[in-house]
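Student: One point on numbering: in the numbering used here, the residue at position 84 of the sequence shown is 67, and numbering is uninterrupted. Glycine residues also receive a C-beta, built at the ideal position from the N, C-alpha and C atoms. None of these values were measured; they are calculated from a predicted model.
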Amino acid sequence: MTPWLSVIMPVHMGEQFLPMTLASATAEDPAGVEFRIYNSGEDNDAARRAAAPFFNRMNIIWEDVPHLQPWTSKTNKGVLDARASHVVMLHQDDLWLPGHLEAVRSALHCWADAVMSIAPSRFVAADGRLLGTWRLPFAAGVHDGCTLLDTLLVQNNIAIPSPVIRRDAWLTSGGMDQRLWYTADWDIYLKLMKLGKIGVREAVTTGFRIHGGSLTIKGSRDPAAFLAQFEAVLINHSDAVEHLSTATKKKVHASVAVNCALAAAAGGDYSKLPSALFAVARLGPKGAASYVEKSRIVDRLRSRFELGSRLSA
């Protein structure tokens, strides 16, 4: 029977978190859902053994792909291999929260022609504790994707486990840019928004984990390479950037400065914070307020402060 949903799971050294991720996906009956796992970690089958208890509870297609190290390459392969008309991404350290499949089914029924539907997410600690909500700066309902571009160019606020994407739209967009190890998701969301309608779900049914092994932490070790990830996306979408108002272009560049400064600070380098704060201050009171609203920076910082306070308690 053809599945109604394909879940693409790029895995690398996933032994620690993969059992929690798969357990969250079996909380609801995943009948008709295929889980395509692509494991590039040469870990003596540790990740596969961690996943083994779930093989008889869900439709798992496991493939070892040591030649496909980048998560973007594994994801693109997964979409090509997928048998369902819609795909979602589920990374080895993220979660589905109660009601996720129900919300996805409802979105597919209500917005059958949408190229993608998205929703807010929750931040999750390494031990699985739920932290604050990562809200979307978009109203619930269906939108012309092009009307959302300006806000998404300021900041990517779409957590990876949230989008439900039409497979044909993904393929039409060209898939993930495999040069991008940090911003490939932002890039493809922008491409998809240019293709048609976007549904915004209201329920929060996914969890995005923050921990010491995340790409933000790893990327902060090479500030120039981290900055280049943002610049590459803006070059890829220079047509959309060119049509932004001057005020919004300033927000985009301020946001990049803030993202790079926060990544560096996460790695212990606080030297970039003053210049990032100055870039926000230069937006003026109204511009700064608009940036805070569009970037959801308060949501992102609050959960990290909450996590830090719990660890120090």
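1) Taking the beta strand (DSSP E) that I141 belongs to, which residues open and close that run?
2) Note the first and the last residue of the continuous alpha helix (DSSP H) segment covering H126.
3) Around the C-beta of A122, are 16 or more other C-beta atoms found within 10 angstroms, so that it is buried, or is it exposed?
4) In three-state terms, what does DSSP make of K177?
5) Let me know the secondary structure DSSP gives I298 once reduced to three states.
6) For a test of the three-state rule: what should DSSP assign to V239, helix, strand or coil?
7) For R279, tell me which candidate among P257, A10, P120, H236 has the shortest Cα-Cα distance.
8) Nearest by alpha-carbon distance to H74: which of S145, L135, H92 is it?
9) Relative to the C-alpha of I193, which candidate in R184, A230, M72, E289 has its C-alpha closest?
10) Determine the closest residue to R105 out of T9, A186, S238, P2, with distance taken between C-alpha atoms.
11) Return the CA-CA distance between T58 and A86, expressed in angstroms with no decimal places.
12) Would you kindly check if the distance between the Cβ of G15 and the Cβ of P(-14) is under 7 Å?
13) So, for S7: in the same chain, excluding its five sequence neighbours on each side, which residues have a beta-carbon less than 6 Å away from its beta-carbon?
14) Starting from M3, trace the alpha helix (DSSP H) in both directions and tell me its first and last residue.
15) With a CB to CB cut of under 8 Å and the five nearest residues on each side skipped, what residues in its chain are close to A152?
16) By alpha-carbon positions, which one of L173, R31, T189, L245 ends up nearest to P81?
17) Name the DSSP bridge partner or partners of L84?
18) Roughly how many angstroms lie between the CA atoms of R112 and R66, to the nearest whole one?
19) Are S68 and R150 closer than 7 Å when you measure CB to CB?
20) Using a threshold of 7 Å, state whether the C-beta atoms of P2 and A33 are closer than that.
Tutor: Let's see:
1) Looking at the DSSP string, I141 is not in any beta strand (DSSP E), and its letter there is neither H nor E.
2) Not the alpha helix (DSSP H): H126 falls in the beta strand (DSSP E), residues 124 to 127.
3) exposed
4) coil
5) Since the first and last residues shown for the chain are -16 and 296, residue 298 lies out of range.
6) helix
7) P120
8) S145
9) E289
10) A186
11) 23 Å
12) yes
13) L78, W79
14) 1 to 8
15) V98, M99, L175, L178, G179
16) T189
17) Partner(s): none; L84 has no beta bridge.
18) 33 Å
19) yes
20) yes
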